[in-house]
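Colleague:
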Amino acid sequence: MDLLNTLVDKGLRRELPTREEALAVLATSDDELLDVVAAAGKVRRQWFGRRVKLNYLVNLKSGLCPEDCSYCSQRLGSKAEILKYTWLKPEEASQAAAAGVAGGAKRVCLVASGRGPTDRDVERVGRTIEAIKEQNEGIEVCACLGLLSDGQAEKLRDAGADAYNHNLNTSEATYGQITKTHTYADRVDTVEKAHAAGLSACSGLIAGMGETDEDLVDVVFSLRELDADSVPVNFLIPFEGTPLAKEWNLTPQRCLRILAMARFVCPDVEVRLAGGREVHLRSLQPLALNIVNSIFLGDYLTSEGQAGQADLDMIADAGFEVEGAGTTTLPAHRSDVADAAPAAGGCGSKSGASLCGSAAGPAPAGDGAAGCGSACGGCSGHAHAEAAPVAAQPAQAEPGALRSDLVAVRRRGAGTDIAPNA
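Each residue of the sequence shown is one higher than the one before, starting from 2 at the first, in the numbering used here.
In structure tokens form, the structure reads like this:
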């Protein structure tokens, strides 16, 4: 298929496809689907080999958001039955993060509901970042706190944050139909603030909100223009009690085509399979690993995900391997750019402590990957977990590498009186 051969060639050269080519990927037939996945897989393997980066969400503050994002279970006026609690203490958040790290997560994503943080909130999150890094050497931390004010990205960087997530979610043309309380430009401004501060920029989208193919291409092209290191692709979970509760527009085949289009447009960045994968991809999740190089482990902000051990089994069964904490994620050419960023301890610093494509050293083509990319900002949902009893290390695991004994017990109400596995 000439289209796919062209897209592979462009992806291997990091060349931007045309809009027409990106739209043509979304228009391919189900008969062509495996060819599309195989073509995207060639590009994925060129820049990221067969490694899968694991990320783990910790919901620092849940519910009661003043924003009106139509997709979100935490929105103003939401009737969704979710847990609501105020800020976790740093030690509580660190304990929740430890469960994901025990399961092999390389990055912890700290998420808080709300329009954006106050300076006091930023200080609180800074203490949480410090607590997590004290307990988990080499772990990456991404913050997702909403719209940032001047100077806040720098404070998070100085506290040890490696990345900042703020999703564009949909195209500029249709953004006003999804959210009224802030603008698309507000979101772009926050991503740019994070980038300017030397944080690794993580920004993605939500598919399945009734958008057109043109909207999907528009938002992915915008993400490439913003030069995000990480692009999380969320698939809408239509929560009861939200305006989009009846939007069931996705099939597993369409999800794979959307992921492939994102890979062709953003060949050398981390494309993350994020919220809603279990609901919409279902049994085709392993096929998606041929396109993406990153997933979330365990639960989401306000909904449960696939069991962590099942994720690890899926990765192994599909012939992939979990990316270790000692491996630089970004390919060498992106790592070099990150190294030059004006950071002081965050992503792009040369301290050696950050692993989101910074001083850990360049990776050869086919042996690198990238950034945060949570469902954060997409409100697809993560709860918290506590570590299960430690099982024996798998025979192939290196000393100090991931343990596949992942969290078996989920705590859906960290900071509340909700019982484990409630």
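Cβ atoms here follow ideal geometry from the backbone N, Cα and C, with glycine treated the same way. Computed from a predicted model, the values in this text were never measured in an experiment.
For Ala-97 and Cys-110, what's the separation of their Cα atoms in angstroms?
Modeller: If I take the Cα positions, the gap works out to 11 angstroms.
Colleague: Are Glu-68 and Arg-116 closer than 8 angstroms when you measure CB to CB?
Modeller: Against a cut-off of 8 angstroms, the Cβ pair of Arg-116 and Glu-68 comes out as a contact.
Colleague: Quick check on DSSP: helix, strand or coil for Asn-6?
Modeller: Helix at Asn-6.
Colleague: Could you check the C-alpha separation between Leu-17 and Leu-260 for me, to the nearest Å?
Modeller: If I take the Cα positions, the gap works out to 16 angstroms.
Colleague: Once the 5 residues before and after Ser-30 are set aside, which same chain residues still bring their CB inside 8 angstroms of it?
Modeller: Closer than 8 angstroms at the Cβ level, and outside the excluded window around Ser-30, lies no residue.
Colleague: Assess contact between the stretch 267-276 and the stretch 227-243, defined as three or more Cβ pairs (one per stretch) separated by less than 8 angstroms. Is contact present?
Modeller: Yes: at least three Cβ pairs fall under 8 angstroms.
Colleague: I believe Ala-202 touches Tyr-165 by the beta-carbon criterion, under 8 angstroms. Please report the beta-carbon distance rounded to the nearest angstrom.
Modeller: Right, the Cβ-Cβ distance comes to about 7 angstroms (below 8 angstroms), so this counts as a contact.
Colleague: If we count the other Cβ atoms within 10 Å of its Cβ and call it buried at 16 or more, is Gly-346 buried or exposed?
Modeller: Confidence at Gly-346 is low in this model, with a pLDDT of 36, below 50, so the placement of that residue should be treated as unreliable; the coordinate-derived value is given next. Result: buried.
Colleague: Am I right that Ile-179 and Cys-70 are in contact with their C-beta atoms under 8 angstroms? What's the rounded C-beta distance?
Modeller: That belief holds up - the Cβ atoms of Ile-179 and Cys-70 are roughly 7 angstroms apart, short of 8 angstroms.
Colleague: Around the Cβ of Cys-348, are there at least 16 other Cβ atoms within 10 angstroms (buried) or fewer (exposed)?
Modeller: In this predicted model, Cys-348 has a pLDDT of only 35, less than 50, meaning its place in the structure is not dependable; the value taken from the coordinates is given anyway. Looking at its Cβ environment, which holds 16 or more other Cβ atoms inside 10 Å, Cys-348 is buried.
Colleague: For Asp-3, count neighbouring Cβ atoms within 10 angstroms of its own Cβ and tell me buried if that reaches 16, exposed if not.
Modeller: By the 10 Å Cβ count, Asp-3 comes out exposed.
Colleague: Going by C-alpha to C-alpha distance, which of Asp-187, Arg-125, Gly-105 sits closest to Ser-150?
Modeller: Residue Asp-187 is the option with its Cα nearest to Ser-150.
Colleague: Check for me: the alpha helix (DSSP H) holding Leu-206 runs from which residue to which?
Modeller: No alpha helix (DSSP H) holds Leu-206; the beta strand (DSSP E) holding it covers 206-208.
Colleague: Expressed to the nearest angstrom, what Euclidean distance is found between the alpha-carbon atoms of Val-26 and Pro-118?
Modeller: For Val-26 and Pro-118, the distance between alpha carbons rounds to 39 angstroms.
Colleague: How big is the Cα-Cα spacing for Arg-412 and Gly-177?
Modeller: For Arg-412, the predicted model reports a pLDDT of 36, less than 50, meaning its position is unreliable; a value from the coordinates is still stated below. Near 35 angstroms, if we compare the C-alpha coordinates of Gly-177 and Arg-412.
Colleague: Looking at the secondary structure, which residues open and close the alpha helix (DSSP H) in which Tyr-72 lies?
Modeller: Here Tyr-72 belongs to no alpha helix (DSSP H), and DSSP marks it neither H nor E.
Colleague: Extract the residue ranges of the beta strand (DSSP E) inside the stretch 73-142, only unbroken runs of 3 or more that lie entirely within it.
Modeller: If we require 3 residues or more, the beta strand (DSSP E) runs fully inside the stretch 73-142 come out as 108-113.
Colleague: Rounded to whole angstroms, what is the Cα-Cα separation between Val-221 and Asn-294?
Modeller: In a straight line, the C-alpha of Val-221 is about 17 angstroms away from that of Asn-294.
Colleague: Quick check: what's the CA-CA separation for Leu-290 versus Val-272?
Modeller: For Leu-290 and Val-272, the distance between alpha carbons rounds to 10 angstroms.
Colleague: For Asp-424, count the other beta carbons within 10 Å of its own beta carbon; 16 or more makes it buried, fewer makes it exposed. Which is it?
Modeller: Outside the shown range of the chain (2 to 423) lies residue 424, about which nothing can therefore be said.
Colleague: Cα-Cα, which of Gly-211, Glu-155, Thr-87, Glu-22 is closest to Val-192?
Modeller: Out of Gly-211, Glu-155, Thr-87, Glu-22, Glu-155 has the C-alpha closest to the C-alpha of Val-192.
Colleague: How big is the Cα-Cα spacing for Gly-320 and Gly-50?
Modeller: Answer to the nearest angstrom: the Cα atoms are 11 angstroms apart.
Colleague: Look at the alpha carbon of Gly-139 and the alpha carbon of Glu-21, and state the distance between them as a whole number of angstroms.
Modeller: Gly-139 and Glu-21: Cα-Cα distance of roughly 42 angstroms.
Colleague: Compute the Euclidean distance between the alpha carbons of Ser-95 and Ala-40, then round it to the nearest angstrom.
Modeller: Those two C-alpha atoms are separated by around 40 angstroms.
Colleague: I'd like the list of long-range same chain contacts for Ala-195, defined as Cβ closer than 6 angstroms, with 5 residues on each side in sequence excluded.
Modeller: Excluding residues within five positions, the ones whose Cβ falls inside 6 angstroms are Ala-154, Tyr-165, Ala-202.
Colleague: Work out the CA separation of Lys-43 and Thr-324 for me, nearest whole Å.
Modeller: First, the residue type needs correcting, since residue 324 is Glu and not Thr in the sequence shown. Rounded to the nearest angstrom, the two C-alpha atoms are 18 angstroms apart.
Colleague: Determine the direct distance from the alpha carbon of Tyr-86 to that of Leu-227, and round the result to whole angstroms.
Modeller: Their backbone Cα atoms lie some 33 angstroms apart in a straight line.
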